[in-house]
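Structure first, commentary second.
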Amino acid sequence: MLKQYSFEETAVQTFDDKTSLAMKTENLQVFYGANHAMHDADLAFPKNQITALIGASGSGKSTYLRSLNRMNDGIATVTGKIWYHNVDINEPTVNIYEIRRHIGMVFQRPNPFAKSIRENIVYALRANGLKNKAELEERVEKSLRGAALWDEVKDSLDKSALSLSGGQQQRLCIARSIAMEPDVLLLDEPCSALDPISTVKVEETLLELQKKYSIIIVTHNMQQAARVSSQCAFFHLGHVMEYTPTGTMFSNPQIPVTQDYIAGSFG
Amino acid sequence: MNAKRTDFLATVVINLIVATVVGILVFLLAYILISGLPHVSWSFLTGTTDAFSGAGGIGVQLFNSFYLLILTMLISVPISLGAGIYLAEYAKDNWRTSLIRSAIEVLSSLPSVVVGLFGFLLFVVKFKIGFSVISGAIALTFFNLPLLTRNIEESLSAVSRSQREAGLSLGLSKWKTEIGIILPVALPGIVTGIVLSAGRVFGEAAALIYTAGQSAPVTNFGDWNPMDPASPLNPFRPAETLAVHIWKVNTEGLANNAAQLSAAASAVLIIAVLLFNLGARLLGNFLYRRVTASK
């Protein structure tokens, strides 16, 4: 039997005006039909930092993440405000395709296209109007280097992306996202289908990438959250319960529900 | 009975069933080829038919069959591609979509004679197109659409959702994702569907008797202007196909070697279908390798 925790008792940090923010949500609600999956999420994400979203399965963290680049369009109803560069991108009039070029996403299971490694990266660039061959080649190299994959694939760019290992595929997906030169990178449990060695590689990649991008990562793995993130938000049954710097979250959680979750004596 | 024994028995039974199916196919093929091939000669393949007795070569019919097949595919593949994409990607799950699906199912269960008579009344008589390649192609399109649409929809739906999400997350439009990413992955399945329906079209007789006609006027294979009445490419000329020819030789053929003629034509028909299947598969695999960079 799951313990009952009060949803009133929360500890969510806010940032002062001096912190530059990548994104911010106000009063975000998500509904799957009649099912209210996310309640009142007010979170702000500092620029060039990694923010981890943790919580049990069904806590709403992936649902929340997918709302940030409007991937829930047509799947769920999202209300509230999502601020990005002083624009509420949750408005129906916003060009979602444009938004997704600025807010990239990497998914739980590696999902490279059934194309060559090079084509995986240049396909979307070309579709967006970048035709210059030299420039495309440059982007391929830059993004593969960024995802720490270049040395492993530089001689086989024309091979099928599906011939890569799971970890390489996931880094290719990261490369594909950063080739669009987004601002924000959303990662939805990017390592849950990977072995420990590939996981370490992806984590190292993320630590390197935060210099250029703001990263929001959903993870089941608390060690991973502790290793890579600067800020950490804990979700429980569709509520944001606690949001603090990662160090605080793991050494000194503020409220009982987080304390129990971190200690593993949840429910 | 223990698990091992059950498993053994099940394996034996399944193997027997498969052997039966393969056996029947091999027997049919062998029978048709053995009784037909000895009568196939170069002059039979290229010669013309005597309009009265039905004796003589099948050159024109063979050409007509392929021409009709290509014309039918040119009309039906784009339409069913559009319909398949719509059903797989854009259609919402509501009463209108299920109505469309039921309509497609009804269309696919229409007997070919009915489709033929409908084509006869509408295109041949009402629109005054007459017995022609184009009337036949449109009638065959009616056949083809439900099968092909269903096949394309299923091939597209079978592609993992995560591929669509990947495309959308990169800011690609739904259409661009569909055409550039999902369609190439679904290509082998779609090619299989096209090959299957092509086989059906190639072997169809009933619907063509009333639409493409039962006469194969001698055409001038030196004249490739589709507007000339004698040109083989003219879509408005009557065109008896191989399958119709077989039916006709068997039912009203006056030639004294009618049985041999139809056996030979059947053998040619089967070989043509096999060759077409093989070719389409090779082409499909080649295209798939090209677009997906796989070995």
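Protein chains in written order, with our numbering: chain D, 103 to 369; chain G, 10 to 304.
Beta carbons: idealized from backbone N, C-alpha and C, even for Gly.
Since the structure is predicted, the reported quantities are computational estimates derived from the model, not experimental observations.
When Cβ-Cβ separations below 8 Å define contact, G/Glu-174 makes contact with chain D. For G/Asn-24, the enclosing alpha helix (DSSP H) has its first and last residue at 12–45. Contact check for D/Ala-263 against D/Leu-274 passes: the beta carbons are separated by less than 8 Å.
Straight-line measurement puts the Cα of G/Leu-283 at about 18 Å from the Cα of G/Gly-198. Residues of chain D whose Cβ lies closer than 7 Å to the Cβ of G/Thr-301 are, in chain order, Ala-216, Lys-217, Ser-262.
Within the region 237–263 of chain D, Asp-260, Lys-261, Ser-262, Ala-263 place their CB atoms closer than 9 Å to a CB of chain G, listed in sequence order.
Look at G/Lys-257 here: in three-state DSSP terms it is helix. D/His-322 is a Cβ neighbour of D/Glu-291, given a cutoff of 8 Å. The straight-line gap separating the alpha-carbon atoms of D/His-204 and D/Ser-161 is approximately 26 Å.
For the pair G/Leu-54 and G/Glu-98, the Cα-to-Cα distance works out to about 46 Å. Collapsing the DSSP output to three states places D/Gln-270 in a helix.
Close partners of D/Tyr-225 in chain G (Cβ separation under 7 Å): Gly-189.
In this structure, the CA atom of G/Val-27 is about 16 Å from the CA atom of G/Leu-37. DSSP, read as helix, strand or coil, puts D/Met-351 in helix. Residues of chain G whose Cβ lies closer than 8 Å to the Cβ of D/Ala-178 do not exist; the shortest such Cβ separation is about 14 Å. Non-local beta-carbon contacts of D/Ser-267 in its own chain, meaning distances under 8 Å to residues more than five positions away in sequence, involve Ser-300 in chain order. In this structure, DSSP gives G/Gly-65 an extended state, which the three-state scheme calls strand. Residue contact check for G/Leu-165 against chain D: no CB pair falls below 8 Å. At a beta-carbon threshold of 7 Å, none of the residues of chain G lie near D/Asn-354; the nearest stands roughly 36 Å away. Check the Cα spacing between D/Met-207 and each of G/Ala-146, G/Val-124, G/Phe-140, G/Leu-177: the tightest is with G/Leu-177. Secondary structure note for D/Phe-147: its beta strand (DSSP E) is the uninterrupted segment 137–148. Among the residues facing chain D, G/Leu-116 is not included, as its CB has no counterpart in that chain under 8 Å away. Counting along the chain, the unbroken alpha helix (DSSP H) around G/Ala-207 starts and ends at 192–212.
Between the alpha carbons of D/Leu-288 and D/Leu-167 lies a gap of roughly 7 Å. The alpha-carbon separation between D/Val-320 and D/Glu-239 amounts to approximately 31 Å. If only complete runs of 4 or more residues are kept, the region 246–292 of chain D shows the alpha helix (DSSP H) at 252–255, 268–281, in order along the chain. The criterion of a C-beta distance shorter than 8 Å is not satisfied by D/Ala-295 and G/Val-194. When the beta-carbon positions are compared, G/Val-122 and G/Ala-148 stay at least 8 Å from each other.
Contact between D/Lys-163 and D/Phe-337 holds, since their C-beta atoms are separated by about 4 Å, short of 8 Å. D/Gly-248 has its alpha-carbon roughly 15 Å from the corresponding atom of D/Val-302. G/Gly-93 and G/Ala-100 have their C-alpha atoms roughly 10 Å apart. Per the DSSP secondary-structure output, G/Ser-178 pairs with nothing in a beta bridge. Nearest CB-CB separation between G/Val-22 and chain D: not below the 8 Å threshold.
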